[in-house]
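A.B. asks:
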Amino acid sequence: MADAADRYRLYQLAVQNPRTEIDFVDRTFRQMRGRSARMLREDFCGTAAVCCEWVGRRKRNRACGIDLDADVLSWGQRHNLAALDAAARARVALLEGDVREVETPSPDIVLAMNCSYWLLRERGHLLRYFERVRDALAVGGIFFLDAFGGYDTFRLLTEERRVEDPQGGGFTYIWEQALYDPVTGRLVCHIHFRFDDGSEWPRAFSYDWRLWTLPEIRELLAAAGFPRVMVYWQGWDAHGKPDGVFVPVESGEPDAGWIAYLTAEK
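Note that our numbering has the sequence shown beginning at -7, numbered continuously upward.
Structure (structure tokens):
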């Protein structure tokens, strides 16, 4: 089963939820600006699943996805864009390039999700990226990011989760934090997949990141010229599980593991 598996499809099933992400982004932009956004840019877009979700919301929505990896962009073209009708497909543009260098039409929204910007491990490089996003945004545009943390983030661990496949069967998603250096903040993580026949795909994806904390991210966004930065924290349901509802906060809880969204307004 590992030999026949498609790692990008597995990633989308195990990690991404474009519908929920766009629900939050679309609703939050409307609440903050009193109108709907039209143009969205997805940085580090991977398979462009989020771009495709965006153009499916309204017929006037347009999306631009940027990634350095030609292979993943090609996969997104063959699978995600190909699943759209011709009119929607024409409203998505995919660009191979560095998010700090490419030029795009001015978007209402820029996304940097799944902590993709943590690949920029030096302060100067991340600041430069944030400055480029600020300059690229249309007047009144909003930059959306996510982050994770908590005291488990600073230790080595492995977590497993069962994922059901809509086409039948399923697999085990394994998240490994393989290295953390408290001096540099370097965090190396891997995604492994294990299948029902016992076969495995070790290190299907690997990430060599810096673990950026929320205060650092907020300070760099402010230094890049964003006048207002907000953090959105997730609540809890009756069973003590994350409820998927993110609300703006001034302080958070010191949990073992948390996920948060940020908005930075131009």
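Even for Gly, the Cβ is constructed at its ideal location relative to N, Cα and C.
(1) For TRP225, which of PRO219, LEU213 and GLY244 has the nearest alpha-carbon?
(2) Alpha carbon to alpha carbon, what distance is there between GLY132 and TRP201?
(3) Nearest CA to the CA of VAL180: which residue from ASP188, LEU171 and ARG186?
(4) Do you know how far the Cα of CYS43 is from the Cα of HIS231?
(5) Confirm, please, whether the CB-CB distance from ILE134 to ILE101 is below 8 Å.
(6) Going by DSSP, which residues form a beta bridge with ILE14?
(7) Thinking C-alpha only, which one of PRO246, GLU45 and LEU60 is nearest ASP77?
(8) Do GLY38 and ALA80 have their C-beta atoms within less than 8 Å of each other?
(9) Using DSSP with H/G/I as helix, E/B as strand and the rest coil, what is VAL131?
(10) Using 8 Å as the cut-off, can you tell me whether the region 202 to 211 makes contact with the region 3 to 22, which would need three or more C-beta pairs spanning the two stretches below that distance?
(11) Using only the alpha-carbon positions, how far apart do GLN169 and MET105 sit?
(12) Thinking C-alpha only, which one of ASP229, VAL175 and ALA139 is nearest LEU254?
(13) State the CB to CB distance for the pair GLY217 and GLU123, rounded to an integer number of angstroms; the pair is presumed to be in contact (CB under 8 Å).
(14) Quick one, are the C-beta atoms of ARG186 and THR164 less than 8 Å apart?
(15) Is the beta carbon of ALA128 closer than 8 Å to that of LEU86?
(16) Name the residue from ASP18, GLY141, GLU192 and THR145 whose alpha carbon lies nearest to the alpha carbon of GLY162.
(17) Between TRP167 and LEU148, what straight-line distance do the alpha-carbon atoms span, to the nearest angstrom?
(18) Near ARG33, which residues of its chain fall below 8 Å by C-beta distance, leaving aside the five closest residues on each side in sequence?
(19) Could you check the C-alpha separation between PHE197 and PHE36 for me, to the nearest Å?
(20) From the DSSP output, in three-state form, read off LEU87 for me.
(21) Let me check one thing: in DSSP terms, what residues is SER198 bridge-paired to?
(22) Taking C-beta to C-beta, are VAL64 and LEU73 nearer than 8 Å?
(23) Does the Cβ of ARG126 have 16 or more other Cβ atoms within 10 Å, making it buried, or fewer, making it exposed?
(24) Taking all protein chains shown into account, do 16 or more other C-beta atoms lie within 10 angstroms of the C-beta of SER108, making it buried, or fewer, making it exposed?
C.D. replies: On the basis of the coordinates in this document:
(1) One-based indexing of the sequence shown puts residue 225 at position 233. Of the listed residues, the one whose Cα sits closest to TRP225 is GLY244.
(2) Sequence index remark: in the sequence shown, residue 201 carries index 209 (1-based). Sequence index remark: in the sequence shown, residue 132 carries index 140 (1-based). Between TRP201 and GLY132, the C-alpha separation is close to 30 Å.
(3) As a first step, residue 180 is located in the sequence shown; it is residue number 188 there, counting from the start. The option with the nearest alpha carbon to VAL180 is LEU171.
(4) As a working mapping, residue 231 is identified with position 239 in the sequence shown. As a working mapping, residue 43 is identified with position 51 in the sequence shown. Within the model, the alpha-carbon separation for HIS231 versus CYS43 is close to 33 Å.
(5) Within the sequence shown, the letter at position 109 stands for residue 101. Within the sequence shown, the letter at position 142 stands for residue 134. Contact flag set, yes.
(6) The residue labelled residue 14 in the question sits at position 22 within the sequence shown. Looking at the DSSP output, ILE14 bridges to nothing.
(7) To locate residue 77, count along the sequence shown from 1; it is residue 85. For the residues PRO246, GLU45 and LEU60, the minimum Cα distance to ASP77 belongs to GLU45.
(8) In the sequence shown, counting from the first residue as 1, residue 38 sits at position 46. In the sequence shown, counting from the first residue as 1, residue 80 sits at position 88. Taking 8 Å as the Cβ cut-off, GLY38 and ALA80 do not qualify as a contacting pair.
(9) By one-based count along the sequence shown, residue 131 stands at place 139. Shown here, VAL131 sits in coil according to DSSP, grouped into three states, outside any helix or strand.
(10) In short, these stretches do not touch, since the Cβ pair count stays below three.
(11) Here residue 169 is taken as the residue at index 177 of the sequence shown, counted from 1. Here residue 105 is taken as the residue at index 113 of the sequence shown, counted from 1. Spanning the two alpha carbons is a distance of roughly 19 Å.
(12) For the purposes of this step, residue 254 is identified with residue 262 of the sequence shown, where counting begins at 1. Closest option to LEU254, Cα to Cα, is ALA139.
(13) On the sequence shown, residue 217 is found 225 positions in, with the first residue counted as 1. On the sequence shown, residue 123 is found 131 positions in, with the first residue counted as 1. Going by Cβ atoms, the distance from GLY217 to GLU123 rounds to 7 Å, so yes, they are a contact pair.
(14) Reading the sequence shown from its first residue, position 194 is the one you call residue 186. Reading the sequence shown from its first residue, position 172 is the one you call residue 164. Taking 8 Å as the Cβ cut-off, ARG186 and THR164 qualify as a contacting pair.
(15) Within the sequence shown, the letter at position 94 stands for residue 86. Within the sequence shown, the letter at position 136 stands for residue 128. Contact: no.
(16) On the sequence shown, position 170 is the one that residue 162 refers to. Distances from the CA of GLY162 to each of ASP18, GLY141, GLU192 and THR145 were compared; the closest alpha carbon is that of GLU192.
(17) By 1-based counting over the sequence shown, the position of residue 167 is 175. By 1-based counting over the sequence shown, the position of residue 148 is 156. When only Cα atoms are considered, TRP167 and LEU148 end up about 11 Å apart.
(18) Start at 1 with the first residue of the sequence shown, and residue 33 comes out as number 41. For ARG33, same chain residues with a beta-carbon under 8 Å away, outside a window of 5 residues either side, are ALA55, CYS56, GLY57, ILE58, THR96, PRO99, ILE101, VAL102, LEU103 and ALA128 in chain order.
(19) Within the sequence shown, residue 197 is the residue found at index 205, counting from 1. Within the sequence shown, residue 36 is the residue found at index 44, counting from 1. In this structure, the alpha-carbon of PHE197 lies about 15 Å from that of PHE36.
(20) For this step, residue 87 is matched to residue 95 along the sequence shown. In the displayed model, LEU87 falls within a strand according to three-state DSSP.
(21) As a working mapping, residue 198 is identified with position 206 in the sequence shown. According to DSSP, which records beta bridges pairwise, SER198 is partnered with HIS182.
(22) For the purposes of this step, residue 64 is identified with residue 72 of the sequence shown, where counting begins at 1. For the purposes of this step, residue 73 is identified with residue 81 of the sequence shown, where counting begins at 1. Taking 8 Å as the Cβ cut-off, VAL64 and LEU73 do not qualify as a contacting pair.
(23) Along the sequence shown, one-based indexing puts residue 126 at 134. ARG126 is buried by the Cβ-count criterion.
(24) For the purposes of this step, residue 108 is taken as residue 116 along the sequence shown, with counting starting at 1. In this structure SER108 is buried. Its beta-carbon is surrounded by 16 or more other beta-carbon atoms within 10 angstroms.
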